[in-house]
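All letters in the sequence shown, in the order written, are residues 615 to 660 by our numbering.
One structure is given here, and the rest of the page talks about it.
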Amino acid sequence: DTSPVAARYAVATGVMATESLRNGSTPQDVPPLAAELAAHFESAAF
């Protein structure tokens with residue numbers, strides 16, 4: 615089973631890695647998922 619939240623974090627990690635490489639390999643933080651979206655996906659059955 616694939617978690618939509620995990621998939622979002624995987625994509626966000628790739629985006630931030632690209633940003634890091636484009637900016638001299640500076641560390642980047644992956645922004646957290648909005649609380650209301652996290653709550654939605656925690657309660658939803660997929």
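Just so it is clear, CB atoms sit at the ideal spot from N, CA and C, and this is done for glycine as well.
A quick note: this is a predicted structure, and the numbers were derived from the prediction, not measured.
Which whole-angstrom value describes the C-beta separation of residue i and residue j, a residue pair presumed to lie in contact below a C-beta threshold of 8 Å?
i           : j           : result
residue 619 : residue 653 : Their Cβ separation, rounded to whole angstroms, is 11 Å, which puts residue 619 and residue 653 out of contact at 8 Å.
In three-state terms, what does DSSP make of residue i?
i           : result
residue 638 : coil
residue 644 : coil
residue 632 : helix
residue 616 : coil
Locate the alpha helix (DSSP H) running through residue i, then write down its first and last residues.
i           : result
residue 651 : 649-657
Less than 8 Å separating the beta-carbons of residue i and residue j?
i           : j           : result
residue 626 : residue 644 : yes
Is there a Cβ from chain B that is less than 8 Å from the Cβ of residue i?
i           : result
residue 657 : Here chain B cannot be found, since the structure has a single protein chain.
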